[in-house]
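Asks:
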Amino acid sequence: MNEKSIKGITRRDFLRGTAYAALFSALGLLGKDDLIAEKKTKVVLVRDPKAVDWKNRVNYEVILEMLDQAVMALTGEKKPFLAWRKIVKPEDIVGIKSNVWGPLPTPHEVENAIKKRLLDVGVKEKNIKIRDRGVWRDSFFRKANAYINVRPLRTHHWSGIGGCIKNYIPFVPMPWEYHGDSCASLASIWKLPHVKGKTRLNILLALTPLFHGIGPHHFNPAYVWPYRGIFVGKDPVALDALGVHLLQEKRKQYFGRYRAFATPVKHVYLADKKFHLGTSDLKKINLIKIGWKEGILI
Amino acid sequence: MKRLFLISLLIFFQYGVSMEMKNFLPKEINGWKALDKDRIFNEQTIFDYINGSGEVYLSYNFRTLLVREFKKYGQTPIVVDLFDMGSAEDAFGVFTHDYENQELGIGQGSFYLSGSLTFWKGSYFVSIWSEKETEEIKKTIFKLAELISNAIPEKGSLPELINYLPHRNLNTKNIRFFHNHYSLNYHYFLAEKNILNLGQNTKAVLGEYKFKYTRSYILIIEYKSKKEAKNAIKSFLKNYLPEAGENRIVQIENKKWISFGQIKNMIFILFDFPQKKLAEQYLNEIENKLRGV
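Read top to bottom, the protein sequences are chains Z and P. If you're matching positions, the first sequence starts at 1 in the numbering used here and goes up one per residue. If you're matching positions, the second sequence starts at 1001 in the numbering used here and goes up one per residue.
(1) Candidates K1255(P), K1264(P), N1042(P), T1140(P): which alpha carbon is nearest K1276(P)'s?
(2) Counting only beta-carbon separations shorter than 8 Å, does R12(Z) have a partner in chain P?
(3) Looking only at its own chain, which residues have a Cβ that is under 6 Å from the Cβ of V46(Z), when we skip the five neighbours before and after it?
(4) Got a sec, what are the start and stop residues for the beta strand (DSSP E) Q1262(P) sits in?
(5) Could you compute how far the alpha carbon of F141(Z) sits from the alpha carbon of Y147(Z)?
(6) So, using beta-carbon positions, are A260(Z) and Y1186(P) closer together than 8 Å?
(7) Which of helix, strand or coil does DSSP assign to S98(Z)?
(8) Which residues of chain P have a Cβ atom closer than 7 Å to the Cβ of T176(Z), listed in chain order?
(9) With H, G and I counted as helix, E and B as strand and the rest as coil, what does DSSP make of A1103(P)?
(10) Is V178(Z) near I165(Z), with beta carbons less than 8 Å apart?
(11) Name, please, each residue of chain P whose Cβ falls closer than 8 Å to the Cβ of I9(Z).
(12) Among the residues of its own chain, which have a CB less than 8 Å from the CB of W158(Z), if the five just before and after it don't count?
(13) Who are the neighbours of T1118(P) on chain Z, taking C-beta pairs under 7 Å?
(14) Can you tell me whether F81(Z) is buried or exposed, with buried defined as 16 or more other CB within 10 angstroms of its CB?
(15) If you drop the 5 nearest sequence neighbours on each side, which residues of the same chain put their C-beta closer than 8 Å to that of K1027(P)?
(16) E1069(P) by DSSP, collapsed to three states: which one?
(17) Closer than 8 Å, Cβ to Cβ, to anything on chain P: give me those residues from the region 126–149 of chain Z, in chain order.
(18) Could you run through the region 78–109 of chain Z and flag, in chain order, every residue whose CB is less than 9 Å away from some CB of chain P?
(19) DSSP three-state call for D138(Z): helix, strand or coil?
(20) Any C-beta of chain P sitting closer than 8 Å to the C-beta of L201(Z)?
(21) Check whether chain Z comes within 8 Å of G1107(P), counting only Cβ atoms and requiring the distance to be less than that.
(22) Would you list, in chain order, the members of the region 1111–1141 of chain P that have their beta-carbon closer than 8 Å to a beta-carbon of chain Z?
(23) If you draw a straight line from the alpha carbon of H1167(P) to that of K1289(P), how long is it in whole angstroms?
(24) So what's A70(Z) in DSSP terms, helix, strand or just coil?
(25) Mind listing the chain P neighbours of N286(Z)? Cutoff is C-beta to C-beta under 7 Å, in chain order.
(26) How should V100(Z) be labelled, buried or exposed, when 16 other C-beta atoms within 10 angstroms of its C-beta is the threshold for buried?
(27) Compute the Euclidean distance between the alpha carbons of F1041(P) and L1065(P), then round it to the nearest angstrom.
(28) To the nearest angstrom, how far is it from the Cα of P209(Z) to the Cα of N1023(P)?
(29) Let me know the secondary structure DSSP gives L29(Z) once reduced to three states.
(30) Note down the Cα distance separating E1285(P) from L1184(P), rounded to an integer number of angstroms.
(31) Which residues bound the alpha helix (DSSP H) around Q1281(P)?
(32) How long is the line joining the alpha carbons of I161(Z) and R1291(P), rounded to whole angstroms?
(33) From the DSSP output, in three-state form, read off Q1251(P) for me.
(34) In this structure, how does DSSP classify V237(Z) when only helix, strand and coil are distinguished?
(35) Could you confirm whether any beta carbon from chain P is found closer than 8 Å to the beta carbon of R16(Z)?
(36) For the region 1251–1282 of chain P, which residues have a CB atom closer than 8 Å to at least one CB atom of chain Z, in sequence order?
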């Protein structure tokens, strides 16, 4: 066992700069072999200043266009229809895994935009369902062969952040069994038979992310900012790693110094290194940025 | 039979506690009416109510939570979470978990931010929250806080450890009291692992000091025994400051100074001091305070 595994990352690692690359996950333990360039995971970040207005109202038309742009960039297609067609087929049964957390849910405008594009490519309405809690016992989700995972990015008291990986916790009947050790084993849910291999697209909404949480309800509008962005990709770990990176940058900007998350974002790192669900290493992610650049932070 | 008796006793005790807590809260305020039923949670059931941050309250040994929701037509509800923390030091501690430089003069310490007001008084910690903030909601939240604070009869003492923090340059609005290393890392990230052997049986205070452009910190920890304190210092030196050797003041890579010491069952660590001389002065002052000089 080396010394690092005894004490873990310390503040001095950050001061020496040896842990900076891992800062995004507050835990990433990059080895030298991680620095070798490998095939990169593609993630698209699309931003539009009109996506959300000053009252945090979401613009459906703009969202639709942003999703099209992202899916086209992701698939390499030049037309939205063809791009979405690469994600789903008309005969697919598609469960849209949403998020209903009261203060910051997946906006209906986003859910409806996804549904519209599924209908456009020929998926039957009866073969589309949007749901969050209770999906583990939902017969539709059980028989679905395709999932689209969509939720807002936020800090989370148990898991550090709430992102794509965490969004699948309702696929198990007893979520609390996954809360131990900073939700370290969340990614294992993605390997369950009724979940594994079904996810066609991950959409991490950074329209109005929550970058810090206080109090029993872990929400305060003062810690939400209109970033007006959407991350889209096939690798949920890569999206979450970028989400962590974005929230960290915002926290540095807001607090004027590095400030640790309430809980280390261990689950994102372990989703990569232990469960091999995707990559958490920013160096292995090819981030394609589309649209509005002001205040992009990453 | 004995087990049944103990459970009945516990239920009766909790019922009594929550009845007393109910008396601290009004039924109506500015047209917001309390829902018919309050909700009550204990350390076993808190996660049914708080998805996530329940662990923070457990780490401060919380006992009972009473939740009362107020509704008014056409307005966002206001929720009052009244926590019986069992002791004043833990009520203060849990309050310091989230507060920032501010003082409203409510209870024994208070903080407001965009529709959320928290304060502590005696052994109680109170959070009043609305998802949206309007002028009317803000006014109502403040009035509610005043009413609750006035209804709580007792006042509590601050944790004794605070007395050992030197006063010069101390930011008195940024003192944190806690027990475990998760809380320490939340306020001042030291190490991923628990290298100071913190836990529910330890008490710790973290003070922030401002020296021109530098923020420095003093951490004082009280262990159950001298032996535990000694082991903690050993672990700290091994895992964080291996180059210290016989030195008690060490400059690290950010050009700032760390110093440390142990007296009886207490340890103290000074972080990020801008000058060696300053670190020495503060170290001496803490030692004198702890020795009762």
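C-beta atoms are modelled at their ideal positions from N, C-alpha and C, and glycine is treated no differently. Keep in mind it's a predicted model, so treat the numbers as computed, not measured.
Replies: With the given structure in hand:
(1) K1255(P)
(2) yes
(3) M66, Q69, A70, I230, I290, G291
(4) 1257–1263
(5) 8 Å
(6) yes
(7) coil
(8) A small correction: the amino acid at residue 176(Z) is Trp; Thr does not occupy that position in the sequence shown. Residues of chain P passing the Cβ test: F1047.
(9) Here residue 1103(P) is Glu; the residue named in the question, Ala, does not match the sequence. Three-state result, E1103(P): coil.
(10) The sequence shown places Tyr at residue 178(Z), rather than the Val named in the question. Not in contact: Y178(Z) and I165(Z) (Cβ atoms no closer than 8 Å).
(11) A1191, E1192
(12) H179, S182, C183, T263
(13) G215
(14) exposed
(15) K1033, A1034
(16) strand
(17) none
(18) W101, G102, P103
(19) coil
(20) no
(21) no
(22) L1113, S1114, G1115, S1116, T1118, S1127, W1129, E1131, K1132, E1133
(23) 11 Å
(24) helix
(25) Chain P residues near N286(Z): none, gap ~29 Å exceeds 7 Å.
(26) exposed
(27) 5 Å
(28) 38 Å
(29) Unreliable placement is indicated for L29(Z), whose pLDDT of 34 sits below 50; no coordinate value is reported for it.
(30) 23 Å
(31) 1276–1291
(32) 44 Å
(33) strand
(34) helix
(35) yes
(36) I1252, E1253, N1254
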